[in-house]
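Residue numbers (full-length UniProt numbering), protein chains in the order written: chain D, 1 to 101; chain R, 1 to 101. In what follows, a structure is listed as structure tokens, so that the remarks can point back to it.
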DNA sequence: TTATAATTGTCTAATTATGACAAGTCTAAA
DNA sequence: TTTAGACTTGTCATAATTAGACAATTATAA
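If you want it as structure tokens, here you go:
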């Protein structure tokens, strides 16, 4: 349920003609773990996200965005007030971020 | 940083002329814990949120919304792509929720 | 001061997450 | 029909995180 990150990883891996083994070793882990990450059974560690971005040749923060969205979804997706909560958080960030780009 | 829930709890507690002790005992915890929750040093357990709502006489889900927003903020608030990630999650929920009210 | 409310700090226990690995399935080539 | 490679599944010990309990401290006001 809600696995944008893993789905994308797998897509990109196949597009780049890589085996799980190759990515796994670059991340210092094994293929069972990568398999689980792709299927959303386990989550990638945050520190691994930039490594994925590098190996899979996507631009910085692209996968981070998906990874974060997954975490947010895991948190709220079964809640009756999910959208309200997200909206509140969003307003808060916009408020706290007035000084940025 | 980002403690909408705790802040609101405290406000409501004072408005209702309650001491931490009274709320704490109703939640089966102690005042140090409640103090920490109010100040955002610890987070309330999700199961406690409806108890707060009852004791503090606010309508169902009102505090849950704040509680969830805090969790979301904790997750994304320091990220460069915070807003993008939230936006993605939001779209996803809207997609998955077409069939609801 | 004394009493009450609230906060701070710390320590153990409970819970949850992670890593590692054995064993399994699946597919295709021989 | 067996061999090999890619991937998946299941389990389990351990690491890491979080919670609960409580003593001690601070703050405030009578």
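Note that the Cβ used here is the ideal one computed from N, Cα and C, for glycine as well.
- Taking a C-beta distance under 8 Å as the contact criterion, residue 72 of chain D and residue 86 of chain R qualify as a contact pair.
- In the structure shown, the three-state DSSP call for residue 49 of chain R is helix.
- Approximately 6 Å separates the beta-carbon atoms of residue 77 of chain D and residue 93 of chain R; this is inside 8 Å, confirming the contact.
- Using a CB distance cut-off of 8 Å, residue 65 of chain D counts as an interface residue toward chain R.
- Scanning the UniProt domain "HTH cro/C1-type" (9–63) of chain D from its first residue to its last, the whole alpha helix (DSSP H) runs of 4-plus residues come out as 20–26, 31–39, 49–55.
- Rounded to the nearest whole angstrom, the CA to CA distance from residue 52 of chain D to residue 69 of chain R is 29 Å.
- By the Cβ rule, the region 31–49 of chain D counts as touching the region 15–23 of chain D, because three or more pairs are nearer than 8 Å.
- Chain-order list of chain D residues neighbouring residue 80 of chain R: 61, by C-beta distance under 7 Å.
- At least one beta carbon of chain D lies nearer than 8 Å to the beta carbon of residue 76 of chain R.
- Distance from the CA atom of residue 61 of chain R to the CA atom of residue 50 of chain R, rounded to whole angstroms, is 7 Å.
- Between residue 43 of chain R and residue 37 of chain R, the CB-CB gap stays under 8 Å.
- DSSP places residue 72 of chain D in the helix class (H, G or I) of the three-state scheme.
- In this structure, the straight-line span from the alpha carbon of residue 39 of chain D to that of residue 2 of chain D is close to 10 Å.
- Burial state of residue 95 of chain R is exposed, judged by a 10 Å Cβ sphere holding fewer than 16 other Cβ atoms.
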